[in-house]
Amino acid sequence: MLRFILAVGEVSNWERMFKLTYISTYPPTHCGIAEYTRFLVTALKSVRPDVKIHVLSDKSNQTFKLSGGVEVHPVFEFKANSYRSILDELTLIGGVDVLHVQHEYGIFGYNDLILETALEAKREKLVKSVIFTLHSVYHPLSGNDGALDLQKKLNSVDAVIVHSYLMEFELQNQGLDPLLIRRIPHGTHLNPFLETPRHELLNELQLKEDDISGMTLVTPGFLRIDKGLDLLIQSINNLDKKDSMTLIIAGEKRLGTREDKEMFDFIEDA
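Under my numbering, the residue at position 125 of the sequence shown is numbered 129, and the numbers go up by one with no gaps.
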């Protein structure tokens, strides 16, 4: 009986004290990672309202705010040369149990600065554990040395979350300890348009029935060079039955580089 009482006491203490901090973009920033993190913390608060959650977000948010019981602190710039502001904010918060980085190269750049900052926070005892969720994993054939260097250094964190078998397999091939990897399928809402008639959907897209033929493939989301849309078009063009397919690319353009513009020109000319 004594053993049971002690166990309950330990859990109760954890529930009372546990603090979690995400490093991520966050709404109103228009970003897929921002929406992902918002959905994640909302779901977490729905089942564990006692957990204290902070989000150290990009400065697009401008000011500190409370959002659904989550404290949002705008502290870093996109692809910054330093993330010292994150350490300063963690000090003001009073330290946390888990620091969870929602990592995307488009946010933090092709370097290991955000990783080194997270590890420095652990060395300074501002955090107990460091977790990285990788939303993109690069293959060696990409030739992106910055991304590959970061991925090789992830053995120094406490856990790495990925969303697919392919990402998990690739990181293991690059030397990441399999025991550190947690594969969690990417959550998504059920398609709300499953019962909507085809003609209504086409009308929303300002398309006509005559514009669509054969099998229809739709790729929604932010449109950038790293989405592989040019490779998708090239692949379709190599199919024997390409004339019986319709490809709909739907989303918001991200014209960040000359390569992005060249990709959109290629798509429009296809």
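No residue lacks a Cβ here, since even glycine has one placed at the ideal position from N, Cα and C.
Model, not experiment: these values are computed from the prediction.
Range covered by the beta strand (DSSP E) that runs through residue i
| i | result |
| --- | --- |
| K132 | 131–138 |
| Y26 | 23–27 |
| K63 | That residue, K63, is in no beta strand (DSSP E); it is neither H nor E in DSSP. |
| E75 | 74–80 |
Contact under 8 angstroms by Cβ, residue i with residue j
| i | j | result |
| --- | --- | --- |
| L91 | I57 | no |
| V275 | Y142 | Because the chain in this structure spans residues 5 to 274, residue 275 falls outside the shown range and cannot be described. |
| V134 | V100 | no |
| V105 | I118 | yes |
| Y277 | V59 | Because residue 277 is not part of the residues shown, which for the chain are 5 to 274, the question remains open. |
| L180 | N148 | no |
| Q176 | Q155 | no |
| F112 | K83 | yes |
Run of the alpha helix (DSSP H) containing residue i, from where it starts to where it stops
| i | result |
| --- | --- |
| A125 | 117–127 |
| F173 | 169–177 |
| I111 | 109–112 |
| E152 | Residue 152 is actually Leu in this sequence, not Glu. Note, L152: alpha helix (DSSP H), 149–156. |
| D281 | Here the chain comprises residues numbered 5 to 274, so residue 281 is not present and cannot be evaluated. |
C-alpha gap between residue i and residue j, whole angstroms
| i | j | result |
| --- | --- | --- |
| G36 | L194 | 17 angstroms |
| G255 | T41 | 20 angstroms |
| T250 | E263 | 25 angstroms |
| A38 | S28 | 7 angstroms |
| L138 | I165 | 6 angstroms |
| K265 | V102 | 40 angstroms |
| N241 | P224 | 20 angstroms |
| M267 | S86 | 31 angstroms |
| M171 | R202 | 35 angstroms |
| I237 | A274 | 8 angstroms |
| L145 | K69 | 42 angstroms |
Quiz item: Would you call the region 177–188 and the region 212–222 touching, i.e. three or more CB-CB distances under 8 angstroms?
Solution: no
Self-check item: Residue ranges of each beta strand (DSSP E) within the region 230–258, 3 or longer
Solution: 249–254
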